[in-house]
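Numbering (our numbering), first residue to last: 72 to 202.
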């Protein structure tokens with residue numbers, strides 16, 4: 072089903088995602104500052120689904136952005152992500168760049184920009200997420 076292109080959409084977590092829709096989600100923690108490669112079906116979903124939605128925390132434990140200009144970890148798939156959802160915002164990957172679509176209740180556009188390494192395209196009006 073997946074490899075045949077019969078999956079309309081998939082929702083996956085990630086360690087990092089970048090403004091071009093590249094995703095790194097296959098390394099596993101193996102101790103402090105140590106990662107071990109590990110893969111599952113995510114790679115098949117990333118290349119087989121028509122739409123890929125990525126969910127993750129906006130920043131890591133140190134406060135560094137996980138929404139990057141360019142992924143630093145090995146990629147699971149290149150240019151596969153269509154939509155990024157974090158606890159702070161919803162961003163759409165477009166040919167023009169990463170567009171800020173919504174902000175979480177109580178979060179400002181400026182707060183999202185401050186913790187996002189990626190270049191964001193900010194529309195004139197950015198609505199609040201409806202939960």
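Think of the CB as a built atom: it goes at the ideal place given N, C-alpha and C, for glycine as much as any other residue. None of these values were measured; they are calculated from a predicted model.
Pull up the distance between the alpha-carbon of residue i and that of residue j, whole angstroms please.
| i | j | result |
| --- | --- | --- |
| residue 173 | residue 155 | 11 Å |
| residue 131 | residue 181 | 19 Å |
| residue 176 | residue 161 | 12 Å |
| residue 134 | residue 97 | 21 Å |
| residue 179 | residue 112 | 36 Å |
| residue 158 | residue 187 | 13 Å |
| residue 200 | residue 192 | 17 Å |
| residue 184 | residue 81 | 26 Å |
| residue 105 | residue 128 | 19 Å |
Under 7 Å Cβ to Cβ from residue i, same chain only, skipping five residues before and after it: list those, please.
| i | result |
| --- | --- |
| residue 89 | 139, 140, 141, 142 and 189 |
| residue 74 | 115 and 119 |
| residue 168 | 90, 190 and 192 |
Grab the span of the beta strand (DSSP E) containing residue i for me, first residue to last.
| i | result |
| --- | --- |
| residue 170 | 168-174 |
| residue 123 | 122-126 |
| residue 163 | 160-165 |
Only counting the same chain, and skipping five residues up and downstream in sequence, which positions put a Cβ closer than 8 Å to that of residue i?
| i | result |
| --- | --- |
| residue 146 | 93, 94 and 95 |
| residue 83 | 94, 96, 113, 116, 117, 123, 124, 125 and 126 |
Along the chain, where does the alpha helix (DSSP H) containing residue i start, and where does it finish?
| i | result |
| --- | --- |
| residue 115 | 113-119 |
| residue 88 | Per DSSP, residue 88 belongs to no alpha helix (DSSP H); it is in the beta strand (DSSP E), 87-89. |
Can you look up residue i in the DSSP assignment and give me helix, strand or coil?
| i | result |
| --- | --- |
| residue 199 | strand |
| residue 95 | strand |
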